[in-house]
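Enquirer: Structure provided below as structure tokens; questions to follow.
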Amino acid sequence: MTADLIISQLLLLDAEDSEKDIKLFINSPGGSVTAGMGIYDAMKMCKADVSTICLGLAASMGAFLLATGTKGKRFCMPNSRVMIHQPLGTAGGK
45 MTADLIISQL
55 LLLDAEDSEK
65 DIKLFINSPG
75 GSVTAGMGIY
85 DAMKMCKADV
95 STICLGLAAS
105 MGAFLLATGT
115 KGKRFCMPNS
125 RVMIHQPLGT
135 AGGK
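Numbering of the sequence shown is given in this note's numbering, commencing with residue 45 and proceeding in unit increments.
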């Protein structure tokens, strides 16, 4: 599943009924920071609360998205694992 599809689904569900919580199930080893930030921005654009639920693994950007769900609506299943780390980055030039 791509970030674009997740963003589209979030915005569609919010447009259909902004009074109903949106559930975002996460099982992810992480991935692109820019794609993850796009999902984060879409979550914040939603008027509906976004409940985040970890099933399996939420690592790296997956853990970030898990943590950015609506306060009080962030969940992990009993056998889930969450791994978060400092962002990695480099700078270059002459």
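Idealized CB from N, CA, C, for every residue including glycine.
Treat the numbers as computed from the prediction; the structure is a model and nothing was measured.
1) Would you list the one or two residues that DSSP bridges to LYS67?
2) Given a threshold of 16 other Cβ atoms within 10 Å of its Cβ, counted over all protein chains shown, does MET45 qualify as buried or as exposed?
3) So, using beta-carbon positions, are ILE97 and ILE51 closer together than 8 angstroms?
4) Report the start-end ranges of each alpha helix (DSSP H) in the region 83-133 that is 4 residues or longer and not cut off at the edges.
5) Rounded to a whole number of angstroms, what is the C-alpha to C-alpha distance between LEU54 and SER76?
Expert: Reading from the atomic positions:
1) In the sequence shown, counting from the first residue as 1, residue 67 sits at position 23. Answer is SER95.
2) What you label residue 45 is simply residue 1 of the sequence shown in a count that begins at 1. Sixteen is the threshold: since fewer than 16 other Cβ atoms of the shown chains lie within 10 Å of the Cβ of MET45, the residue is exposed.
3) Locating residue 97 in the sequence shown gives position 53, where the first residue counts as 1. Locating residue 51 in the sequence shown gives position 7, where the first residue counts as 1. No, they are not a contact pair.
4) Entirely contained in the region 83-133, the alpha helix (DSSP H) runs reaching 4 residues are, in chain order, 105-111.
5) Sequence index remark: in the sequence shown, residue 54 carries index 10 (1-based). Sequence index remark: in the sequence shown, residue 76 carries index 32 (1-based). As the crow flies, the alpha-carbon of LEU54 is around 18 angstroms from that of SER76.
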